[in-house]
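See below for the structure under consideration.
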Amino acid sequence: MTHILAVDDSLLSRRMTVDALKSTGHRIVEAKNGVEALESFQNDRPILVVTDLLMPEMDGQQLLTHIRELDPTIPVIIASADIQQSTRTQCDELGISGFLSKPVHAKELLTCIEAALNQKVGD
Amino acid sequence: MAITKEELDVLSEIVNIGSGRAAFSLSEMTGSRIELSVPQIRAYDSADFQEMAKSLNLQIATSVQQGFQGTVSGQALLAFPDSNAFELARIVGGIPATTEEMDQELCGVLEEIGNIVLNAILGSLANLVDCSLSYSLPKICTGKNLSDTALGAGNQSKEANSVILIADTSIIVASHNISGSLILLFETGDLEIMLSHLTASPTS
Numbered sequence: 003m004t005h006i007l008a009v010d011d012s013l014l015s016r017r018m019t020v021d022a023l024k025s026t027g028h029r030i031v032e033a034k035n036g037v038e039a040l041e042s043f044q045n046d047r048p049i050l051v052v053t054d055l056l057m058p059e060m061d062g063q064q065l066l067t068h069i070r071e072l073d074p075t076i077p078v079i080i081a082s083a084d085i086q087q088s089t090r091t092q093c094d095e096l097g098i099s100g101f102l103s104k105p106v107h108a109k110e111l112l113t114c115i116e117a118a119l120n121q122k123v124g125d
Numbered sequence: 002m003a004i005t006k007e008e009l010d011v012l013s014e015i016v017n018i019g020s021g022r023a024a025f026s027l028s029e030m031t032g033s034r035i036e037l038s039v040p041q042i043r044a045y046d047s048a049d050f051q052e053m054a055k056s057l058n059l060q061i062a063t064s065v066q067q068g069f070q071g072t073v074s075g076q077a078l079l080a081f082p083d084s085n086a087f088e089l090a091r092i093v094g095g096i097p098a099t100t101e102e103m104d105q106e107l108c109g110v111l112e113e114i115g116n117i118v119l120n121a122i123l124g125s126l127a128n129l130v131d132c133s134l135s136y137s138l139p140k141i142c143t144g145k146n147l148s149d150t151a152l153g154a155g156n157q158s159k160e161a162n163s164v165i166l167i168a169d170t171s172i173i174v175a176s177h178n179i180s181g182s183l184i185l186l187f188e189t190g191d192l193e194i195m196l197s198h199l200t201a202s203p204t205s
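Residue numbers (the working numbering), protein chains in the order written: chain A, 3 to 125; chain B, 2 to 205.
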């Protein structure tokens, strides 16, 4: 069964993401930081990653860099409280399918995921 | 360091813009209308601030503190008196009021609230000044008064003569009289750099 990897050190934000994605029918795997997420990614490849940026152990940009080394095209969506344009630009350069500002609307996330799954990065 | 009225007005507008962004985020999280007061911006050097804080006897039960570094650096705090922090975390997290203790779950929710609110204001400032900031992980401080909390944050600054910039914004969640204060602490040299950018560029 395909799954989506949800990465965030905030239990609240992970719960909101899981609740939002219940209707998709996809299994949701959670990770509390980039290290956990990367291990999960390597063990069981998801179809899409939703990740926060500011996290302990390994932040979202570092995670994205590692993910891109393993899979240049897997869709990655950023869900972050960081609203800086410079941060958005840095993530764009690494290759992302969406950049959502927290708190993320369930409908907004679902729309972004649907668009991302219909279009791979680099296409 | 002396800050002119014009510079304070510009800083006030920056905080106002960021506060609006933060209010929107909080409204989304609580499902309630959020009312904001107009930010009151005041600048103090360390000695003046300590005297002011003592005279007002400001007490902070709980605060979320986040450091920022880059073109400008310092500390930002979202501070709550009494049990307001517990109540806001319960509302946002949907956690029943079965305990008065700040358990791990409540702490996590409050850290995330602080993360979103502080990022809204700092990110707005960074975008307006066209600079890039990196952030420390938010952390919760409890049981300290305003002067200890802010000066504690100031002790982490690189320079001794930090300017303490206080932006008092009251955040009110409709049907719950929850109020908080936003405190920004900038290092003197960095504040001068930021102000030179702000006053040289239009903010509207």
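The beta-carbon is built from N, C-alpha and C at its ideal position, and this holds for glycine as well.
Since the structure is predicted, the reported quantities are computational estimates derived from the model, not experimental observations.
Contact defined as beta carbons within less than 8 Å: I believe S33(B) pairs with V164(B). What is the distance between those atoms, to the nearest angstrom?
Wrong, their Cβ atoms sit about 35 Å apart, outside the cutoff.
Where does L50(A) fall in DSSP's three states?
In this structure, L50(A) counts as strand in the three-state DSSP scheme.
For K6(B), the three-state DSSP class (helix, strand or coil):
Reduced to three states, the DSSP call for K6(B) is helix.
Quick one: what does DSSP say V1(B) is sitting in, helix, strand or coil?
Summary: the structure shown does not reach residue 1(B), with chain B confined to residues 2 through 205, and so no result is reported for it.
Under 7 Å between C-beta atoms, does D94(A) make it to chain B?
No - not a single Cβ of chain B is within 7 Å of the one on D94(A).
For D125(A), which of helix, strand or coil comes out of DSSP?
Note on D125(A): pLDDT 48, under 50, position unreliable in the model; the coordinate value appears next. In the three-state reduction of the DSSP assignment, D125(A) falls in the coil class, being assigned neither a helical nor a strand state.
Proximal residues of chain B, C-beta to C-beta of Q86(A) below 7 Å
The contacting residues are G124, A127, N128, S133 and L134.
Bridge partners for G21(B) per DSSP, in chain order?
DSSP links G21(B) through a beta bridge to no other residue.
Exposed unless 16 or more other CB atoms sit within 10 angstroms - verdict on G124(B):
Buried, by the Cβ-count rule.
Counting Cβ pairs closer than 8 Å, one from the region 22-40 of chain B and one from the region 127-146 of chain B, do we hit at least three?
Result no; under three Cβ-Cβ pairs closer than 8 Å.
DSSP three-state label for Q86(A), please.
In the displayed model, Q86(A) falls within coil according to three-state DSSP, outside both helix and strand.
Hey, how far is the Cα of V73(B) from the Cα of L119(B)?
So the two alpha carbons sit approximately 15 Å from each other.
Within 7 Å, strictly: CB atoms of V130(B) and H198(B)
The answer is yes: Cβ separation under 7 Å.
In terms of residue numbering, what span does the beta strand (DSSP E) encompassing S182(B) cover?
S182 to F187 is the extent of the beta strand (DSSP E) around S182(B).
Give a yes or no on whether the minimum CB-CB distance between E113(B) and chain A is below 7 Å.
Closer than 7 Å: yes.
Cα-Cα separation, N45(A) to A98(B)
The straight-line gap from Cα to Cα measures roughly 40 Å.
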